[in-house]
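A.B. asks: The sequence shown begins at 691 in this note's numbering and counts up one residue at a time. Pasting a structure below so you can have a look.
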Amino acid sequence: MDEDGGPAGQHPGDTRLGHVPARARHGPAVPDPLRQTRDPVTLRLLTYNIRYGGVGRVGAIASVVKQCAPDVVVLQEATRPEVVAQLAAATEMPVWATDPAHSVGFMSRHQVRHAWHRPPASRRAFLELVPEGAPFRIFGVHLSAVHSNWTERRRVRELRAILAGIAEHQHGFHVVTGDFNTIAPGETLDIQKLPPRLRAFVYLTGRTIRWETIQIMLDAAYVDGYRALHPEEGGLTFPAFDPHVRLDYVFLPSAFAPRLKSCAVVNGTPVMTAASDHLPVVADLEVD
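What follows is the structure in structure tokens.
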């Protein structure tokens, strides 16, 4: 059961978030060309929206995940426990959990303590992960979809509620990652590339969208990981078949920004478009 009382699917080896054990050193899960030269206490994090629960696309999604060789995967739209179970088996990630009541789930190569939290002011829960032996936390989020002024105000409310919910960890090492469904300052959305019904929604709610959500993260002293390392590159993550907007992010408190060793959008193979409508983002973090 999660905090809201809903049934949750998880591997029997998984544990709920509670006491965090003392630090134990561990190495990377799998040697892989993508890892290049990695510090033995570097963790690879993948954030990935698998679209509609991933139903019917387990093979393609698993292929993408295996290509990235992550230690921890934060999933969005992971509402089908049986699909996540199949993905976990196919990618040899024995620790996993998801809940049909929430969008965000995870898979991990190592033991991870977890909990879902739904702030009173939010319709959506966020996921808290504490990898065993690592002195940091991962917060997985999935903010409301659709681009308009009305939905942007909803995302602002959701994000403020999340930040209030994690305030006690504000000054410690943590990552906030997931599908924010919004645009960063200085970036643009070509309204003409939206489906007609969504273009109409934009026009009905003011035509020009005031993007505020990501600025709230920046004002709270978080660093946009991808943009910090790639100031001149697009980093576009959606839609996978013709990326023209960046919706998926990895944020760290500015004090811990040097621990982000790499951050990349994974693209370039045909399986990406078969797997999901989002491209995943992978980040290497120095955890000790």
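Ideal placement from N, C-alpha and C gives every residue a C-beta, glycine not left out. What you are looking at is a predicted structure, and each value in this text was computed from that prediction instead of being measured.
#1: Residues in its own chain within less than 7 angstroms of alanine 947 by CB, not counting five upstream and five downstream?
#2: What is the rounded straight-line gap between the Cα of histidine 861 and the Cα of glutamine 766?
#3: Can you confirm whether the stretch 807-821 touches the stretch 770-786 when touching is taken to mean that 3 or more C-beta pairs between the two stretches lie within less than 8 angstroms?
#4: How is proline 943 classed by DSSP in three states: helix, strand or coil?
#5: Could you pull out every residue in the same chain whose Cβ sits closer than 6 angstroms to the Cβ of alanine 965, ignoring the five residues on either side in sequence?
#6: Can you tell me whether DSSP reads glutamine 801 as helix, strand or coil?
#7: Please classify isoleucine 904: does DSSP put it in a helix, a strand, or coil?
#8: Looking at the structure shown, is valine 831 part of a helix, part of a strand, or coil, going by DSSP?
#9: Output the boundary residues of the alpha helix (DSSP H) element that contains arginine 814.
#10: For the alpha helix (DSSP H) containing arginine 844, name the first residue and the last one.
#11: Quick check on valine 773: does DSSP put it in helix, strand or coil?
#12: Let's see if you can read the secondary structure: which residues bound the alpha helix (DSSP H) around lysine 883?
C.D. replies: Once the coordinates are examined:
#1: Here residue 947 corresponds to residue number 257 of the sequence shown, with the count starting at 1. These residues qualify, in order along the chain: Val913, Ala918.
#2: On the sequence shown, position 171 is the one that residue 861 refers to. On the sequence shown, position 76 is the one that residue 766 refers to. Rounded to the nearest angstrom, the two C-alpha atoms are 26 angstroms apart.
#3: no
#4: Start at 1 with the first residue of the sequence shown, and residue 943 comes out as number 253. In this structure, proline 943 counts as strand in the three-state DSSP scheme.
#5: On the sequence shown, position 275 is the one that residue 965 refers to. Excluding residues within five positions, the ones whose Cβ falls inside 6 angstroms are Arg747, Ala750, Ile751, Val754.
#6: Locating residue 801 in the sequence shown gives position 111, where the first residue counts as 1. DSSP places glutamine 801 in coil when its eight states are reduced to three.
#7: Here the question's residue 904 lines up with position 214 in the sequence shown. Three-state result, isoleucine 904: helix.
#8: Taking the sequence shown and counting its residues from 1, the one referred to as residue 831 is at position 141. Of the three classes helix, strand and coil, the one that applies to valine 831 here is strand, per DSSP.
#9: Position 124 of the sequence shown, counted from the start, is the residue given in the question as residue 814. Neither: arginine 814 is in no alpha helix (DSSP H) and is coded neither H nor E.
#10: Taking the sequence shown and counting its residues from 1, one reaches residue 844 at position 154. Its alpha helix (DSSP H) spans residues 839-855.
#11: The residue labelled residue 773 in the question sits at position 83 within the sequence shown. Correct three-state label for valine 773: helix.
#12: Position 193 of the sequence shown, counting from 1, holds the residue named residue 883. From DSSP, lysine 883 is part of no alpha helix (DSSP H); its letter is neither H nor E.
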